[in-house]
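Peer 1: Protein sequence lines correspond, in order, to chains R and V. Residues in the first sequence are numbered from 1 upward in steps of one, following this note's numbering. Residues in the second sequence are numbered from 1 upward in steps of one, following this note's numbering.
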Amino acid sequence: MDLDHLRVMLATDCGSTTSKARFFRKIGNEYRFVASGEAPTTVEAPYEDVTMGVRNAVREVEELTGHKILAPGGIISPSRSENEGVDLYVTTSSAGGGLQMVCTGVARAMTAESAERAALGAGAIVMDVVSSDEQRSSFDKIKKMRAQRPDMILFAGGTDGGSVQHVMGIGELIKMARPQHRLGAQFKLPVVYAGNRLLRDRIKQFLGEDFALSVVDNIRPTLDTEVVGPSRDAIHELFMEHVMSHAPGYDKLMKWTDVSIMPTPAGEGIMFQTIAKMYQANVIGVGLGGATTNIYSIFDGKFVRSVSANLGMSYSISNVLKQTGIGNITRWLPFESDENVIINKLRNKMIRPTTIPQTLEDLVIEHAVAREALRMGFIHHKSIARPLSGFAKGAQLDFGSVWGEEESYIDMMKIGWLGGTGGLLSHAPRRAQSALILLDGFQVEGIVNLIQDSVFMMPHLGVLSTVHPKAAMEIFEKDCMVRLGTCLAFRGNGQGKVASLRINMPDGRTLDEEVESGTIKRIPLGVGEKADIEINPTRRFDIGSGGGHRFSAKAEGGEVGIIIDARGRPLTLPENASDRRKKLIEWYGALEAYPKGLQWG
Amino acid sequence: MAQAYTPGLKRKKLYLVKKRRILPIPGKVLVKKGEKVTPTTIVATTMVPGDIQMMPMASMLDIDISTDTADAGGMGLEYQKSMIDKCMLKKEGEEVRANEIIARKKHVLSIFRKECRCPVNGKIEFISYTTGQLAIRERPKEQNLNAHIPGIVADVIPEQGVVIETPATYIQGIFGISGERHGELTVLSKSPEEILTADRIGSECTGKILVGGSLVQGDALKRAAEVGAKGIIVGGIECKDLRDFLGYEIGVAITGNEETALTLIITEGYGKMRMSQKTFELLEESDGKLACIDGTTHIRAGVIRPEIIIPRDDLEKYADSQDKEYLSGGIGPGAIVRIIREPYFGYIARVVSLPPELQTLETESKARVLEAELEDGRLVVVPRANVEMIEE
Chain R
1 MDLDHLRVML ATDCGSTTSK ARFFRKIGNE YRFVASGEAP TTVEAPYEDV
51 TMGVRNAVRE VEELTGHKIL APGGIISPSR SENEGVDLYV TTSSAGGGLQ
101 MVCTGVARAM TAESAERAAL GAGAIVMDVV SSDEQRSSFD KIKKMRAQRP
151 DMILFAGGTD GGSVQHVMGI GELIKMARPQ HRLGAQFKLP VVYAGNRLLR
201 DRIKQFLGED FALSVVDNIR PTLDTEVVGP SRDAIHELFM EHVMSHAPGY
251 DKLMKWTDVS IMPTPAGEGI MFQTIAKMYQ ANVIGVGLGG ATTNIYSIFD
301 GKFVRSVSAN LGMSYSISNV LKQTGIGNIT RWLPFESDEN VIINKLRNKM
351 IRPTTIPQTL EDLVIEHAVA REALRMGFIH HKSIARPLSG FAKGAQLDFG
401 SVWGEEESYI DMMKIGWLGG TGGLLSHAPR RAQSALILLD GFQVEGIVNL
451 IQDSVFMMPH LGVLSTVHPK AAMEIFEKDC MVRLGTCLAF RGNGQGKVAS
501 LRINMPDGRT LDEEVESGTI KRIPLGVGEK ADIEINPTRR FDIGSGGGHR
551 FSAKAEGGEV GIIIDARGRP LTLPENASDR RKKLIEWYGA LEAYPKGLQW
601 G
Chain V
1 MAQAYTPGLK RKKLYLVKKR RILPIPGKVL VKKGEKVTPT TIVATTMVPG
51 DIQMMPMASM LDIDISTDTA DAGGMGLEYQ KSMIDKCMLK KEGEEVRANE
101 IIARKKHVLS IFRKECRCPV NGKIEFISYT TGQLAIRERP KEQNLNAHIP
151 GIVADVIPEQ GVVIETPATY IQGIFGISGE RHGELTVLSK SPEEILTADR
201 IGSECTGKIL VGGSLVQGDA LKRAAEVGAK GIIVGGIECK DLRDFLGYEI
251 GVAITGNEET ALTLIITEGY GKMRMSQKTF ELLEESDGKL ACIDGTTHIR
301 AGVIRPEIII PRDDLEKYAD SQDKEYLSGG IGPGAIVRII REPYFGYIAR
351 VVSLPPELQT LETESKARVL EAELEDGRLV VVPRANVEMI EE
């Protein structure tokens with residue numbers, strides 16, 4: 001493909017509720033985002049044709065720009081003039097529940113966990129993880145697998161030359177369960193075999209007739225190696241061939257697009273990996289959606305994605321409440337509240353998920369839920385982002401005893417960038433609100449750059465980057481990535497002084513700050529501006545070089561600026577409700593997160 | 001003219017309901033096109049494959065199959081196969097009965113022997129020579145599909161099911177619990193505001209579908225279940241009462257399979273919510289008639305809302321195809337909407353205008369809004385996302 005001739009581009013994302021079109025074009029020498037359009041997704045009855053929603057979203061772009069894109073049979077491509085057609089059309093999709101998978105392995109903490117990581121990394125929702133060393137009976141495993149009707153199974157198990165009996169045992173479970181394809185009994189269910197290499201022929205013989213079987217390199221050839229690439233590629237290929245192509249309207253959509261349709265989270269993941277590469281830093285990113293919370297980490301070069309399938313801000317909002325408890329939500333509210341009223345409000349949001357807060361009180365309640373969704377999603381993420389279990393224990397390992405005792409390798413002090421995307425974060429009326437939600441949800445430490453997606457286009461740019469990396473990067477930097485600023489978050493707790501700061505501002509001023517415990521402060525520093533900071537923490541507080549040790553850093557500006565977060569890590573809110581509300585009002589006020597003059601407290 | 005697309009709930013006095021009744025897996029349709037059916041008529045039937053039981057036969061008989069290396073694919077596997085075959089009394093595909101001895105191993109120098117008894121009635125589906133497991137498929141179970149509503153079989157979908165047509169009063173709720181039930185509709189509340197309390201429910205409610213006003217109290221729900229009422233239709237419910245009734249908390253709104261004694265349909269939302277006047281009136285005028293209800297709710301793409309179908313073969317004129325209407329959604333000036341979020345939650349309003357420009361809300365968000373006149377005459381501005389159409 002001649003990239004220089006790609007001047008006008010269209011990308012869509014077919015979400016579970018909304019199809020979102022983003023329109024890009026080359027202006028002068030650079031690629032820019034021009035307009036967006038959105039419409040309800042139409043993959044389910046009564047429409048049962050995903051292209052109807054795509055056309056409606058694209059039509060909105062046409063109305064806004066005057067650029068003709070739609071032809072009766074699809075998308076006009078290549079472009080015919082300055083105002084007609086596009087040179088490239090790409091799309092991501094999570095409609096109809098996205099890619100839903102079951103993963104297997106011999107040991108839960110080893111091959112099964114590797115399979116889970118590979119499936120998540122490929123953009124899947126993992127419905128169940130089946131292993132030989134768990135307590136469930138074969139009957140229960142089979143029953144669940146049949147009832148769940150996954151889109152695909154990733155069958156891992158055994159190192160190369162290792163277990164035979166257990167791997168074949170899992171094969172037997174799969175064969176006996178024979179889950180039906182979600183889109184109809186006439187289709188064979190895809191299975192990716194990524195287990196013991198020496199059993200490939202037997203697995204082919206055993207499962208080949210009943211399933212659409214794909215055999216790839218072992219995901220865990222040895223205990224100390226994890227190879228997820230071949231499994232991930234096979235998942236993507238089978239997703240297109242056996243899942244997408246049978247979903248309503250996707251046969252048409254696949255003909256319209258210039259490259260394969262990509263699962264939405266895979267697109268999102270590409271962009272967070274791009275940030276890590278671009279800035280040579282450890283990154284945590286989050287896609288906080290209506291149904292799920294996807295968290296991505298790139299730590300010391302290792303990419304991990306987790307998806308908390310039932311933590312979200314609309315469809316799944318009641319599940320956040322159920323998992324965290326009402327007390328953990330109301331603790332973030334700066335006003336007195338009746339718990340039953342809040343519970344009813346959240347349940348009403350669940351049954352009418354497309355509504356938006358009209359009152360400030362409702363907005364603050366949703367922001368409180370968002371903090372908890374991120375906090376719990378991150379706990380889940382860390383349970384996946386951990387070192388390979390088992391290899392240190394050697395050959396005599398008894399897999400029944402290694403139920404994931406390893407801690408996550410993510411060291412919050414070493415995170416350089418924290419970014420967010422998804423409706424709630426992108427549409428927060430003030431950027432300070434999303435900055436605070438990210439800080440409270442993840443409780444980063446040290447010096448961290450905060451960013452967010454401007455209008456939800458990271459998945460679009462992710463898939464675009466597979467064709468035209470330069471265009472995707474230019475648009476990402478100029479129109480997608482909103483810099484919120486830099487946060488200085490001190491690890492430690494205690495009363496009194498936390499640190500002395502000297503900030504050399506870009507206009508030549510020098511600011512000296514004495515930072516007190518339990519406070520948060522904002523210092524305006526605009527987008528593109530930089531400031532040098534010298535930090536002298538007291539003995540009980542650490543900003544990156546150990547408690548009481550001096551640290552120098554460069555802070556990048558943003559729409560919020562520099563945030564000095566001395567509220568303590570771990571962040572503990574006052575036990576007494578009245579003190580807590582007072583503190584929240586103080587913190588929210590310090591960042592000017594919400595409009596002034598509200599009668600809170 | 002400005003328009004907005006906002007999904008709404010149906011509540012129609014006269015409507016030609018076309019109900020698809022489809023088997024979970026292919027089977028046999030038992031009725032013909034044009035045939036008259038009642039709610040209990042079996043319209044289709046199928047055999048659902050039985051569950052699989054795995055038996056660790058080799059370990060039960062002390063057959064050594066522990067060679068856990070890839071070499072077991074060669075000689076080891078042949079040896080295991082001959083050992084297992086020697087012990088098996090039944091072959092793959094053979095029918096077996098519960099407690100029947102299906103494999104036996106005799107000790108060479110002993111009169112003792114080990115036996116393997118079948119745990120269930122079924123068929124040997126598979127014998128694994130690698131793992132030494134037996135898979136026994138239980139006998140298939142018959143699953144019948146009833147008509148759920150009375151009417152005429154309008155269409156037969158071979159091997160899958162039927163479409164049943166009936167003119168009816170049709171109301172969608174916002175959220176429900178448990179599945180299909182039918183019974184006589186009994187309106188217990190005098191007004192849409194009234195709270196349904198336990199003292200209103202007696203033995204005369206057995207087998208009935210009860211209609212309340214703005215709220216059903218926890219005790220009333222319990223009492224209705226105790227007396228054997230089939231269902232409750234009401235404006236709202238407190239979350240804690242629903243949790244107590246179910247015994248657990250609902251996380252995501254995908255319901256229908258709850259094994260509760262009755263079906264519950266909420267028409268407005270959580271909390272004390274005055275039932276909309278029109279819904280209440282439709283139910284009130286159907287007092288004493290047969291109602292077929294289903295609490296199944298799926299709130300994802302392809303929303304399924306709970307439904308109340310009150311067959312009305314006493315009426316002749318009804319609305320046209322439901323699909324056509326479903327696809328034609330749109331709100332314009334003059335449309336009647338329900339506001340579904342604070343600060344005007346629950347109000348019915350008439351749309352006055354749909355300004356094209358984004359407007360700033362109290363939250364400082366910019367959103368597409370509409371101007372509407374409430375029933376009390378107040379003129380308010382609300383986000384378009386916070387209203388739903390009322391289809392009448």
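No residue lacks a Cβ here, since even glycine has one placed at the ideal position from N, Cα and C.
So, with DSSP's three-state summary, where would you put Asn340(R)?
Peer 2: helix
Peer 1: So the candidates are Tyr594(R), Ser163(R) and Pro179(R); which of them puts its Cα closest to the Cα of Arg146(R)?
Peer 2: The shortest Cα separation from Arg146(R) among Tyr594(R), Ser163(R) and Pro179(R) belongs to Pro179(R).
Peer 1: Alpha carbon to alpha carbon, how far is Ile585(R) from Ser500(R)? Give it in angstroms, no decimals.
Peer 2: Cα atoms of Ser500(R) and Ile585(R): separation of roughly 24 Å, rounded to the nearest angstrom.
Peer 1: Quick one: does Asp51(V) have its CB under 8 Å from some CB of chain R?
Peer 2: yes
Peer 1: Could you please give the first and the last residue of the uninterrupted beta strand (DSSP E) stretch that includes Val383(V)?
Peer 2: It is Pro, not Val, that sits at residue 383(V) in the sequence shown. Its beta strand (DSSP E) spans residues Leu379 to Pro383.
Peer 1: Specify the secondary structure class of Glu361(R) as computed by DSSP and reduced to three states.
Peer 2: helix
Peer 1: Spatial neighbours of Thr42(R) within its chain, please: CB distance less than 7 Å, with the 5 preceding and 5 following residues excluded, ordered by chain position.
Peer 2: Asp49, Val50, Met52 and Gly53
Peer 1: When you compare the CB of Met168(R) with every CB in chain V, is at least one pair closer than 8 Å?
Peer 2: Among the residues facing chain V, Met168(R) is included, as its CB has a counterpart in that chain under 8 Å away.
Peer 1: Let me know the secondary structure DSSP gives Phe335(R) once reduced to three states.
Peer 2: coil
Peer 1: Is there contact between the region 329-338 of chain V and the region 182-191 of chain V, where contact requires at least three CB pairs shorter than 8 Å?
Peer 2: No, the region 329-338 of chain V does not touch the region 182-191 of chain V.
Peer 1: Tell me which residues share the same chain as Ala472(R) and place their Cβ nearer than 6 Å to its Cβ, disregarding the 5 neighbours each side in the sequence.
Peer 2: Leu461, Leu464 and Ser465
Peer 1: Output, in chain order, the set of chain R residues within a Cβ distance shorter than 7 Å of Gln80(V).
Peer 2: Neighbours of Gln80(V) on chain R: none; closest Cβ ~10 Å, over 7 Å.
Peer 1: Any Cβ of chain R within less than 8 Å of the Cβ of Arg341(V)?
Peer 2: yes
Peer 1: Using 8 Å as the cut-off, can you tell me whether the region 337-348 of chain R makes contact with the region 252-271 of chain R, which would need three or more C-beta pairs spanning the two stretches below that distance?
Peer 2: no
Peer 1: Can you say whether Leu511(R) is buried or exposed, counting buried as having 16 or more other CB atoms within 10 angstroms of its CB?
Peer 2: exposed
Peer 1: Pull up the CB-CB distance for Pro190(R) and Ala156(R), whole angstroms please, since I reckon it's below 8 Å.
Peer 2: The Cβ separation is near 15 Å, so there is no contact.
Peer 1: Run through the region 157-216 of chain R for me and flag every whole alpha helix (DSSP H) of 4 or more residues, listed as ranges in chain order.
Peer 2: 165-177 and 200-207
Peer 1: Name the chain V residues whose beta carbon is nearer than 8 Å to that of Tyr250(R)?
Peer 2: Those within 8 Å of Tyr250(R) in chain V number zero; the least Cβ separation is about 14 Å.
Peer 1: Can you name, in chain order, every residue of its own chain whose Cβ lies under 8 Å from the Cβ of Arg223(V), other than the five neighbours on each side?
Peer 2: Ala198 and Ile201
Peer 1: Closest to Ile233(V) by C-alpha separation, out of Asp376(V), Ile310(V) and Val31(V), would be which residue?
Peer 2: Ile310(V)
Peer 1: Grab me the residues of Ala489(R)'s own chain with a C-beta within less than 6 Å of its C-beta, minus the 5 sequence neighbours each way, in chain order.
Peer 2: Cβ within range, chain order: Val444, Glu445 and Asp565.
Peer 1: For Arg108(R), name the three-state secondary structure that DSSP assigns.
Peer 2: coil
Peer 1: Chain R partners of Tyr347(V), CB-CB under 7 Å?
Peer 2: Within 7 Å Cβ-Cβ: nothing; Tyr347(V) doesn't reach chain R, min ~13 Å.
Peer 1: What are the partner residues of Tyr162(V), as DSSP defines its beta bridges?
Peer 2: In the sequence on display, residue 162(V) carries Val and not Tyr. Answer is Arg21(V) and Val156(V).
Peer 1: Using alpha carbons as the reference points, say which of Pro158(V), Thr279(V), Gly256(V) and Ala261(V) lies closest to Val211(V).
Peer 2: Thr279(V)
Peer 1: For the beta strand (DSSP E) that contains Lys583(R), what are its first and last residues?
Peer 2: From DSSP, Lys583(R) is part of no beta strand (DSSP E) but of the alpha helix (DSSP H) over Ala577 to Ala590.
Peer 1: Count the other C-beta atoms from every protein chain shown that fall within 10 angstroms of the C-beta of Pro265(R), then say buried if there are 16 or more, exposed otherwise.
Peer 2: By the C-beta density criterion, Pro265(R) is buried, having at least 16 other C-beta atoms within 10 angstroms.
Peer 1: Leaving out five residues before and five after Pro506(R) in sequence, what residues of the same chain have Cβ atoms less than 7 Å from its Cβ?
Peer 2: Glu529, Lys530 and Ala531
Peer 1: Interface residues of chain R around Pro383(V) at Cβ under 7 Å?
Peer 2: Under the 7 Å cutoff, chain R gives Ile356 and Gln358.
Peer 1: Between which two residues does the beta strand (DSSP E) containing Lys105(V) stretch?
Peer 2: First-last of the beta strand (DSSP E) with Lys105(V): Ile101 to Lys106.
Peer 1: Compare the Cα-Cα distances from Arg137(V) to each of His182(V), Ile293(V), Lys81(V) and Phe126(V) and report the closest residue.
Peer 2: Phe126(V)
Peer 1: Please indicate yes or no: does the CB of Pro140(V) lie closer than 7 Å to some heavy atom of the ligand ADP?
Peer 2: Among the ligands in the structure shown, none appear at all, so the ligand ADP cannot be discussed.
Peer 1: In the region 165-176 of chain V, which residues sit with their C-beta less than 8 Å from some C-beta in chain R, listed in chain order?
Peer 2: Ile174 and Phe175
Peer 1: Can you name the residues of chain R whose CB is closer than 9 Å to the CB of Phe126(V)?
Peer 2: Glu172, Lys175 and Met176
Peer 1: Count the other C-beta atoms from every protein chain shown that fall within 10 angstroms of the C-beta of Ala98(V), then say buried if there are 16 or more, exposed otherwise.
Peer 2: exposed
Peer 1: Nearest chain R C-beta to Gln426(V) closer than 8 Å, yes or no?
Peer 2: For residue 426(V) there is no data in the structure shown, the boundaries of chain V being 1 and 392.
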